[in-house]
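A.B. asks: Quick note: the sequence shown, position 292, residue 311 per the numbering used here, numbers continuous. Even for Gly, the Cβ is constructed at its ideal location relative to N, Cα and C. Shown below is the structure under consideration.
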Amino acid sequence: MRKLKLGNIPWLIVNVIHTIFFVSLSGWNIYLLKVITDYGLAREMDKVLQTAQLMLAIMLGSLILDSIGTLLKSKYLETSLKQLKNHYIHQLMEQDITQLQKEQCNIYRSNLTNDFDRFEEKFLFNVLEIIHMASRFLMSVVIVATVSLYLVAVAFAMLVIFVFITGKTNKPVQKSEAKKSKSLQEYTDFVNETLNGFEIIKQHQLQNLRFDAFVSKATKVQKDNYTVDKQSTKVDALNNFIQTSIIFTLIVSGILFARSAEASLGSLIMVATSFGNVMWPLQRFTPVITQMKGIINVLDEFDKNLNRPFIDRHIRVNDFQSLLFEHCDLGYEDDPQPILQSVN
Numbered sequence: 020m021r022k023l024k025l026g027n028i029p030w031l032i033v034n035v036i037h038t039i040f041f042v043s044l045s046g047w048n049i050y051l052l053k054v055i056t057d058y059g060l061a062r063e064m065d066k067v068l069q070t071a072q073l074m075l076a077i078m079l080g081s082l083i084l085d086s087i088g089t090l091l092k093s094k095y096l097e098t099s100l101k102q103l104k105n106h107y108i109h110q111l112m113e114q115d116i117t118q119l120q121k122e123q124c125n126i127y128r129s130n131l132t133n134d135f136d137r138f139e140e141k142f143l144f145n146v147l148e149i150i151h152m153a154s155r156f157l158m159s160v161v162i163v164a165t166v167s168l169y170l171v172a173v174a175f176a177m178l179v180i181f182v183f184i185t186g187k188t189n190k191p192v193q194k195s196e197a198k199k200s201k202s203l204q205e206y207t208d209f210v211n212e213t214l215n216g217f218e219i220i221k222q223h224q225l226q227n228l229r230f231d232a233f234v235s236k237a238t239k240v241q242k243d244n245y246t247v248d249k250q251s252t253k254v255d256a257l258n259n260f261i262q263t264s265i266i267f268t269l270i271v272s273g274i275l276f277a278r279s280a281e282a283s284l285g286s287l288i289m290v291a292t293s294f295g296n297v298m299w300p301l302q303r304f305t306p307v308i309t310q311m312k313g314i315i316n317v318l319d320e321f322d323k324n325l326n327r328p329f330i331d332r333h334i335r336v337n338d339f340q341s342l343l344f345e346h347c348d349l350g351y352e353d354d355p356q357p358i359l360q361s362v363n
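Shown next, in the form of structure tokens:
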């Protein structure tokens, strides 16, 4: 399942192209902010008016692209989830008949409902988030590069630091997500078992016992859900504190550096705005990656549940019309060494 984790690739590419256009317009607007400031200080009012009209047109274009982007994201999520579920169903249909018993069906049902919903929310949606954040980061880097290449190196150093922080802090979330998936599966099994045996429960007056058991299962699900949220909040709080401290220091340093290089007021505003645009992707980068790494283990559970076991059956027949061998080893049952190998 991991090979399909990115979902529908054609629609993903469409979303990437759309994001590049959208972010490029945003970057162009930031650059024009520098231009219009410099024109204003030089009292070139005709050029100020022309630039303002261009900025207004860009803003309208961005609004249209943003509306289109909402539809494209919905289409990507819809087609990706269908593709993943179709693959799951296809693998499920190739299971041995013994794997499709009632107790196993509850596991498959839980995967196709609870787990896929969580995967959509915490992975597929975040794939689009990562694309948007990466595009904004690169756009800001390109703008900053027009002032100083030193500031570009600083921005990439920040990215490396935050990737390192993410790798160190996401392990507790992964364990909590795996535990939550198991408790959801047990809860789904219990509900199906209760519904299927409802008549027997009524006949033997087991309602109170089943109710107490239901409360226990539901409480466990809520507790595991709370644990996941608590771990994610702790990780996010620590990461955001570190990131905000570093980014605030670097924004001030970047402005002071641009000022010492005798850059214009427009350039100073552009640097400050660009670093502000860098701030949001870097702050969101760590929690998004943490969520994605935490939920990816669900796909491993899918593969584990869909792993078809090798079943050696002894079948006795009275007669047959034809016999076909495909890479079979022939020999005696009590002798481990075959007489003929790979018979066709």
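How far does the beta strand (DSSP E) with leucine 349 in it reach, from first residue to last?
C.D. replies: What you label residue 349 is simply residue 330 of the sequence shown in a count that begins at 1. It spans 347-349 - the beta strand (DSSP E) in which leucine 349 sits, taken as one unbroken run.
A.B. asks: Assign aspartate 243 to one of two classes, buried (16 or more other C-beta atoms within 10 Å of its C-beta) or exposed (fewer than that).
C.D. replies: On the sequence shown, residue 243 is found 224 positions in, with the first residue counted as 1. Answer is buried; the Cβ neighbour count reaches 16.
A.B. asks: From what residue to what residue does the alpha helix (DSSP H) around valine 160 run?
C.D. replies: What you label residue 160 is simply residue 141 of the sequence shown in a count that begins at 1. Looking at the DSSP string, the run of the alpha helix (DSSP H) that includes valine 160 is 144-164.
A.B. asks: Relative to the alpha-carbon of asparagine 105, which residue among Leu73, Tyr127, Phe40 and Leu90 has its alpha-carbon at the smallest distance?
C.D. replies: Here the question's residue 105 lines up with position 86 in the sequence shown. It is Tyr127 whose Cα lies nearest to the Cα of asparagine 105.
A.B. asks: In the DSSP assignment, find the unbroken alpha helix (DSSP H) run with glutamine 222 in it and report its ends.
C.D. replies: Counting from one through the sequence shown, the residue named residue 222 turns up at place 203. Per DSSP, glutamine 222 belongs to the alpha helix (DSSP H) from 217-222.
A.B. asks: Could you check what DSSP says for glutamine 123 in three-state terms: helix, strand or coil?
C.D. replies: Translated into positions along the sequence shown, residue 123 becomes position 104. Three-state result, glutamine 123: helix.
A.B. asks: Have a look at phenylalanine 260 and lysine 253 and give me their C-alpha separation to the nearest angstrom.
C.D. replies: Within the sequence shown, the letter at position 241 stands for residue 260. Within the sequence shown, the letter at position 234 stands for residue 253. Distance between the alpha carbons of phenylalanine 260 and lysine 253: 11 Å.
A.B. asks: Thinking just about the alpha-carbon of each residue, which of Val307, Ile28 and Asn324 is nearest to the one in lysine 101?
C.D. replies: Within the sequence shown, the letter at position 82 stands for residue 101. Residue Ile28 is the option with its Cα nearest to lysine 101.
A.B. asks: If distances are taken between C-alpha atoms only, which option among Phe304, Leu75, Glu345 and Lys24 comes closest to glutamate 148?
C.D. replies: Working through the sequence shown from its first residue, we reach residue 148 at position 129. Nearest option by C-alpha distance: Phe304.
A.B. asks: What does DSSP give as the partner residue(s) for leucine 359 in the beta ladder?
C.D. replies: If you number the sequence shown from 1, residue 359 lands on position 340. Paired residue(s): Leu349.
A.B. asks: Beta-carbon within less than 7 Å of lysine 236's beta-carbon, same chain only, minus the 5 sequence neighbours each way: which residues are those?
C.D. replies: The sequence position of residue 236 within the sequence shown is 217, counting from 1. Result list for lysine 236: Glu205, Tyr206 and Phe209, in chain order.
A.B. asks: I'd like the list of long-range same chain contacts for serine 154, defined as Cβ closer than 7 Å, with 5 residues on each side in sequence excluded.
C.D. replies: Residue 154 sits at position 135 when you count from the first residue of the sequence shown. Cβ neighbours of serine 154 beyond the five flanking positions: Thr38, Ile39 and Val42.
A.B. asks: Kindly give me the distance between the Cβ atoms of leucine 349 and leucine 359, rounded to whole angstroms, as I take these residues to be in contact under 8 Å.
C.D. replies: On the sequence shown, residue 349 is found 330 positions in, with the first residue counted as 1. On the sequence shown, residue 359 is found 340 positions in, with the first residue counted as 1. So it is a contact: roughly 4 Å between Cβ atoms.
A.B. asks: Run the CB neighbour count on threonine 132, radius 10 Å, all protein chains shown included, and call it buried at 16 or more, exposed below.
C.D. replies: Looking up residue 132 in the sequence shown gives position 113. Classification for threonine 132: exposed.
A.B. asks: Let me know if isoleucine 162 comes out buried or exposed under the rule of 16 or more other beta-carbons within 10 Å of its beta-carbon.
C.D. replies: Residue mapping note: residue 162 aligns to position 143 of the sequence shown, counting from 1. Its Cβ being crowded by 16 or more others within 10 Å, isoleucine 162 is buried.
A.B. asks: Ordered along the chain, which non-local residues of its own chain (more than five positions away) have a Cβ less than 7 Å from that of valine 240?
C.D. replies: Counted from its first residue, the sequence shown places residue 240 at position 221. Same-chain partners within the cutoff: Ser202, Leu203 and Tyr206.
A.B. asks: Among the residues of its own chain, which have a CB less than 6 Å from the CB of methionine 158, if the five just before and after it don't count?
C.D. replies: The count along the sequence shown starts at 1 and reaches residue 158 at position 139. Cβ within range, chain order: Val42 and Gly46.
A.B. asks: Which of the three DSSP states, helix, strand or coil, is assigned to phenylalanine 135?
C.D. replies: Residue mapping note: residue 135 aligns to position 116 of the sequence shown, counting from 1. Helix, per DSSP.
A.B. asks: Hey, how far is the Cα of glutamate 97 from the Cα of aspartate 85?
C.D. replies: Your numbering for residue 97 matches position 78 in the sequence shown. Your numbering for residue 85 matches position 66 in the sequence shown. Distance between the alpha carbons of glutamate 97 and aspartate 85: 19 Å.
A.B. asks: Whose CA, out of Phe217, Phe135 and Ala176, lies closest to the CA of serine 99?
C.D. replies: By 1-based counting over the sequence shown, the position of residue 99 is 80. Looking at the Cα atoms, Phe135 is the closest of the given residues.
A.B. asks: Cutting at 8 Å between CB atoms, please list the residues of its own chain near glutamine 110, excluding the five before and the five after it.
C.D. replies: Here residue 110 is taken as the residue at index 91 of the sequence shown, counted from 1. Counting only Cβ-Cβ distances below 8 Å, and skipping sequence neighbours, we find Leu325.
A.B. asks: In chain order, what residues of the same chain lie with their CB nearer than 7 Å to the CB of serine 81, ignoring the 5 residues before and after it?
C.D. replies: In the sequence shown, residue 81 corresponds to position 62, counting from 1. Contacts found: Phe41, Leu44 and Ser45.
A.B. asks: Just to confirm my understanding: we take lysine 92, look at its own chain, exclude 5 residues before and 5 after, and list those with CB closer than 7 Å. What are they?
C.D. replies: What you label residue 92 is simply residue 73 of the sequence shown in a count that begins at 1. Cβ neighbours of lysine 92 beyond the five flanking positions: Asn34 and Leu147.
A.B. asks: In the structure shown, what three-state DSSP assignment does serine 341 receive?
C.D. replies: As a working mapping, residue 341 is identified with position 322 in the sequence shown. Residue state, collapsed to three classes: coil.
A.B. asks: Excluding sequence positions up to five away, which residues of its chain have a Cβ less than 7 Å from the Cβ of valine 171?
C.D. replies: Taking the first residue of the sequence shown as position 1, residue 171 is located at position 152. So the list reads Val160, Val163 and Ala164, once near-sequence residues are dropped.
A.B. asks: Where does the unbroken alpha helix (DSSP H) through glycine 26 begin, and where does it stop?
C.D. replies: Taking the sequence shown and counting its residues from 1, the one referred to as residue 26 is at position 7. Taken as a continuous stretch (DSSP letters only), glycine 26 belongs to no alpha helix (DSSP H), as it is neither H nor E.
A.B. asks: My output table needs one value for glutamine 114: the three-state DSSP class, helix, strand or coil.
C.D. replies: Position 95 of the sequence shown, counting from 1, holds the residue named residue 114. If DSSP states are grouped into helix, strand and coil, glutamine 114 belongs with coil.
A.B. asks: In whole angstroms, what is the alpha-carbon distance linking leucine 257 and methionine 177?
C.D. replies: As a first step, residue 257 is located in the sequence shown; it is residue number 238 there, counting from the start. As a first step, residue 177 is located in the sequence shown; it is residue number 158 there, counting from the start. Rounded to whole angstroms, leucine 257 to methionine 177 spans 16 Å at the Cα level.
A.B. asks: Taking a contact to mean a Cβ-Cβ separation below 8 Å, would you say phenylalanine 411 touches methionine 20 in this structure?
C.D. replies: The chain is shown only over 20 to 363; residue 411 falls outside these bounds and no answer can be derived.
A.B. asks: Under 8 Å by Cβ, that's how I've got leucine 318 and lysine 24 pegged, so tell me the actual separation to the nearest angstrom.
C.D. replies: For the purposes of this step, residue 318 is taken as the residue at position 299 of the sequence shown. For the purposes of this step, residue 24 is taken as the residue at position 5 of the sequence shown. With 8 Å as the limit, leucine 318 and lysine 24 qualify as a contact, their Cβ atoms being about 6 Å apart.
A.B. asks: Taking the alpha helix (DSSP H) that lysine 323 falls in, what are its first and last residues?
C.D. replies: Along the sequence shown, read from residue 1 onward, the residue named residue 323 stands at position 304. Where lysine 323 is concerned, the enclosing alpha helix (DSSP H) stretches over 316-324.
A.B. asks: Return yes when the Cβ of isoleucine 55 is within less than 8 Å of the Cβ of threonine 70, no when it is not.
C.D. replies: Taking the first residue of the sequence shown as 1, we reach residue 70 at position 51. Taking the first residue of the sequence shown as 1, we reach residue 55 at position 36. Yes; because the gap between Cβ atoms is below 8 Å, this pair is in contact.
A.B. asks: Under 8 Å by Cβ, that's how I've got isoleucine 220 and arginine 229 pegged, so tell me the actual separation to the nearest angstrom.
C.D. replies: For the purposes of this step, residue 220 is identified with residue 201 of the sequence shown, where counting begins at 1. For the purposes of this step, residue 229 is identified with residue 210 of the sequence shown, where counting begins at 1. Going by Cβ atoms, the distance from isoleucine 220 to arginine 229 rounds to 6 Å, so yes, they are a contact pair.
A.B. asks: Tyrosine 107 and asparagine 130: beta carbons closer than 8 Å?
C.D. replies: Reading the sequence shown from its first residue, position 88 is the one you call residue 107. Reading the sequence shown from its first residue, position 111 is the one you call residue 130. Going by C-beta atoms, tyrosine 107 is nearer than 8 Å to asparagine 130.
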